[in-house]
Amino acid sequence: MEKILILDFGAQYNQLIARRVREAKVYCEIVPYDITPKEIKKAKPKGLILSGGPSSVKWSDPPLPHPGIYKLGLPILGICYGMQVMNFQLGGRVGKVRKKEFGRTDIKVIEPDLLFKDLNPQLVGWMSHGDSVKKLAPDFITLAKSVNTPFAACANPQKKLYGVQFHPEVVHTPWGKDLFQNFLYHVCGLTDSWTMENFVRATVADIKAKVGRKKVLCGLSGGVDSSATASLVHKAIGKNLTCIFVDHGFLRKGERRQVRTAFVDHFGVNLIVVDAKKRFMKRLKGVTEPETKRKIIGEEFIRTFEEEARKIGKFHFLAQGTLYPDIIESAAPGKRKGPTHVIKSHHNVGGLPDDMEFDLIEPLSHLFKDEVRAVCLEMGLPHNLVYRQPFPGPGLAIRIIGEITNERLRILRDADAILREEILKGGLSRAIWQYFTVLPVIRSVGVMGDERTYEYPVVIRAVTSEDGMTSDWARIPFDLLDKISNRIVNEVDGVNRVAYDITSKPPSTIEWE
Ligand code: XMP
Numbered sequence: 040m041e042k043i044l045i046l047d048f049g050a051q052y053n054q055l056i057a058r059r060v061r062e063a064k065v066y067c068e069i070v071p072y073d074i075t076p077k078e079i080k081k082a083k084p085k086g087l088i089l090s091g092g093p094s095s096v097k098w099s100d101p102p103l104p105h106p107g108i109y110k111l112g113l114p115i116l117g118i119c120y121g122m123q124v125m126n127f128q129l130g131g132r133v134g135k136v137r138k139k140e141f142g143r144t145d146i147k148v149i150e151p152d153l154l155f156k157d158l159n160p161q162l163v164g165w166m167s168h169g170d171s172v173k174k175l176a177p178d179f180i181t182l183a184k185s186v187n188t189p190f191a192a193c194a195n196p197q198k199k200l201y202g203v204q205f206h207p208e209v210v211h212t213p214w215g216k217d218l219f220q221n222f223l224y225h226v227c228g229l230t231d232s233w234t235m236e237n238f239v240r241a242t243v244a245d246i247k248a249k250v251g252r253k254k255v256l257c258g259l260s261g262g263v264d265s266s267a268t269a270s271l272v273h274k275a276i277g278k279n280l281t282c283i284f285v286d287h288g289f290l291r292k293g294e295r296r297q298v299r300t301a302f303v304d305h306f307g308v309n310l311i312v313v314d315a316k317k318r319f320m321k322r323l324k325g326v327t328e329p330e331t332k333r334k335i336i337g338e339e340f341i342r343t344f345e346e347e348a349r350k351i352g353k354f355h356f357l358a359q360g361t362l363y364p365d366i367i368e369s370a371a372p373g374k375r376k377g378p379t380h381v382i383k384s385h386h387n388v389g390g391l392p393d394d395m396e397f398d399l400i401e402p403l404s405h406l407f408k409d410e411v412r413a414v415c416l417e418m419g420l421p422h423n424l425v426y427r428q429p430f431p432g433p434g435l436a437i438r439i440i441g442e443i444t445n446e447r448l449r450i451l452r453d454a455d456a457i458l459r460e461e462i463l464k465g466g467l468s469r470a471i472w473q474y475f476t477v478l479p480v481i482r483s484v485g486v487m488g489d490e491r492t493y494e495y496p497v498v499i500r501a502v503t504s505e506d507g508m509t510s511d512w513a514r515i516p517f518d519l520l521d522k523i524s525n526r527i528v529n530e531v532d533g534v535n536r537v538a539y540d541i542t543s544k545p546p547s548t549i550e551w552e
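Just so you know, we're using the numbering used here here: the sequence shown kicks off at 40 and counts up by one.
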């Protein structure tokens, strides 16, 4: 497969570079900055990108790529520190800028060349640097300048070496995608061949070749990653795949049925559904402390999975939905790490005991989340599964703030189902990152008909977010909140009050426990 390698100098934005390249439908991989020319040759890329990074070539021992990379005859695009490194190693000079450039900056294109093909000569780009190129390396020309730097972009067109001081990968450089396309299509001569259709075809063939007639086990959670993994493996080896779905009793309404419908009815997957509710409830009796709850659920989950896996007998492979961001590690100076190292800890997270011998299959290990969704759609998985909101492993158990009982689970599950139904009907399901209900184990006084009630409140939690790391509370229209509140108190026995959580993260977290 045609590809680009991104040499990672520890840039905050390195994943964004990979995203932009993938959006241009070109496959790419992030590799440590000190990859050797021999390793590069083996990977057969059509071009290299040197990422930015927090370092300075003025340091006594700066992170530098192997100088042999410039002799491979490959097109190279250096971004920020990557451009400085390229000029520094090829005989130019880098120094401190008098005034640090940070944020939006006017850029004037002097020499359109291939990199700025069809772009406006006056551009606004995002800069963030303290050093800049002071003197270009021999045979380099200036392509663009800004107020603070005469070399906002440069090139040695004969050797196809390009450098930009600004960050084309960030959203604040809106034409950045055109610049990447110019580099990828016109400089490297690549085509837009990275599509999910091609990915599925190639991956299914790979799995077939690797597995042969052996057996594969896969844990299904109902989430996007495990669903994509299972459907790919199933397409490759059919009945030799067995999936295990552990129902710990803390799933949302209809979830177990959804998984069954999608995988058994639709695909005909060998699926073992384990009803483990009783054993989880037994271990959680009297437990109220959030971390203890999480720990017990984690342990019990692994134990249940392990027991079922042993019942199946020998299997040779375990398939899991590890994603690319999970395995990319910053190759910061002096810290060369390959993905293998990380896969091991993932395996441990997977939680199967050491005395079970199997190899891992991780078909999504080079995909980003939105690409996984695209794979699911390509595989024909239903929309409600593909666009499912994030749901924590311990499920509803960490949304009952206090001891878990069957009665409380029923209340929470019913209230949550109403909320989800109304948000979907209101057309907000994609705009809101996560929306669910929480049941604090307290009671308050209310009145229904002529009678006094003394029942639970239900709290609605709905947040907007990019990645779950920070979030804001969603501004759900009052009329919709009113409808949801009315339905919950009228339809869910045991609830006489609905509250709306209006805190952002930080200082709160999205989940209550
Ligand atoms: P918090 O509550 O920390 O949650 O703001 C951030 C995001 O992570 C989800 N979350 C989990 N996901 N296993 C998961 O797979 C877990 O144990 C877990 N706990 C929290 C949470 O729903 C939110 O999207």
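Each residue gets a CB set at the ideal place from its N, CA and C atoms; glycine is no exception.
Everything numeric in this text was worked out from a predicted model, so none of it was measured.
{"Check": "Three-state secondary structure (DSSP) of A456", "Outcome": "helix"}
{"Check": "Own chain partners of F407 with C-beta closer than 6 Å, once the 5 adjacent residues on each side are dropped", "Outcome": "Y363"}
{"Check": "Boundaries (first-last residue) of the alpha helix (DSSP H) holding Y120", "Outcome": "Y120 to Q128"}
{"Check": "I382, DSSP secondary structure in three states", "Outcome": "Caution applies to I382, whose pLDDT of 26 falls short of 50 and renders its modelled position unreliable; the model cannot decide the point."}
{"Check": "Outcome for L463 when other beta-carbon atoms lying within 10 angstroms are tallied against a minimum of 16", "Outcome": "exposed"}
{"Check": "Alpha-carbon spacing of R375 relative to D73, whole angstroms", "Outcome": "For R375, the predicted structure reports a pLDDT of 44, less than 50, and the residue's modelled location is therefore unreliable. The matter cannot be settled from this model."}
{"Check": "Boundaries (first-last residue) of the alpha helix (DSSP H) holding N423", "Outcome": "H422 to V425"}
{"Check": "Where D314 sits in the DSSP three-state scheme", "Outcome": "strand"}
{"Check": "8 Å CB neighbourhood of G169 in its chain, flanking five on each side removed", "Outcome": "S95, K135, V136 and K139"}
{"Check": "N-terminal and C-terminal residue of the alpha helix (DSSP H) that P329 is part of", "Outcome": "P329 to I351"}
{"Check": "Own chain partners of A370 with C-beta closer than 6 Å, once the 5 adjacent residues on each side are dropped", "Outcome": "Residue placement at A370 is poorly supported in this model, since its pLDDT is 38, which falls under 50; the coordinates still yield a value, given next. Cβ neighbours of A370 beyond the five flanking positions: D47, P71 and Y72."}
{"Check": "C-beta atoms of L290 and F302 nearer than 9 Å", "Outcome": "no"}
{"Check": "DSSP-derived helix/strand/coil call for R536", "Outcome": "strand"}
{"Check": "Reduced DSSP category for Y201 - H, G, I as helix; E, B as strand; rest coil", "Outcome": "strand"}
{"Check": "Span of the beta strand (DSSP E), counted from its first residue to its last, around T476", "Outcome": "Q473 to P479"}
{"Check": "Counted within 10 angstroms of its Cβ, other Cβ atoms place K332 as buried (16 or more) or exposed", "Outcome": "buried"}
{"Check": "S524 (DSSP reduced to helix, strand or coil)", "Outcome": "helix"}
{"Check": "Of the listed residues V172, G507, R459 and E62, nearest to D216 (C-alpha basis)", "Outcome": "For clarity, residue 216 is Lys in the given sequence; the question names Asp instead. That would be E62, whose Cα lies nearest to the Cα of K216."}
{"Check": "Length of the line joining the Cα atoms of I400 and E345", "Outcome": "18 Å"}
{"Check": "L271, DSSP secondary structure in three states", "Outcome": "helix"}
{"Check": "Contact set for C415: own chain, Cβ-Cβ below 8 Å, skip 5 residues either direction", "Outcome": "V263, S266, A267, S270, L424 and V425"}
{"Check": "Supposed close pair A513, V502 - CB separation, criterion 8 Å", "Outcome": "6 Å"}
{"Check": "Buried or exposed by the 16-neighbour rule on C-beta atoms within 10 Å, applied to T230", "Outcome": "exposed"}
{"Check": "Test item: CB-CB of V250 and C282 under 9 Å", "Outcome": "no"}
{"Check": "Inside the segment 168 to 244 only - beta strand (DSSP E) runs reaching at least 3 residues", "Outcome": "180 to 185, 192 to 195 and 200 to 203"}
{"Check": "Proximity to Y105 [Cα-Cα], best of F127, V272, V210 and P76", "Outcome": "Contrary to the premise, residue 105 reads as His rather than Tyr in this sequence. Checked all of F127, V272, V210 and P76; the closest Cα to H105 is P76."}
{"Check": "C-alpha gap between L435 and E41, whole angstroms", "Outcome": "44 Å"}
{"Check": "Within 9 Å, strictly: CB atoms of V497 and G441", "Outcome": "no"}
{"Check": "Near the ligand XMP: E553 beta-carbon under 8 Å from a heavy atom", "Outcome": "Any answer about residue 553 is impossible in this case: the structure gives the chain only from 40 up to 552."}
{"Check": "Where the beta strand (DSSP E) containing K364 begins and where it ends", "Outcome": "Before going on, a small fix: residue 364 reads as Pro here, not Lys. Run containing P364: none in the beta strand (DSSP E); it sits in the alpha helix (DSSP H), Y363 to I366."}
{"Check": "Cβ contact (3+ pairs, closer than 8 Å) linking the segment 313 to 321 and the segment 455 to 475", "Outcome": "no"}
{"Check": "D319 CB to nearest heavy atom of the ligand XMP below 8 Å", "Outcome": "This sequence places Phe at residue 319; Asp is not what is there. F319 Cβ: outside cutoff for every heavy atom of the ligand XMP."}
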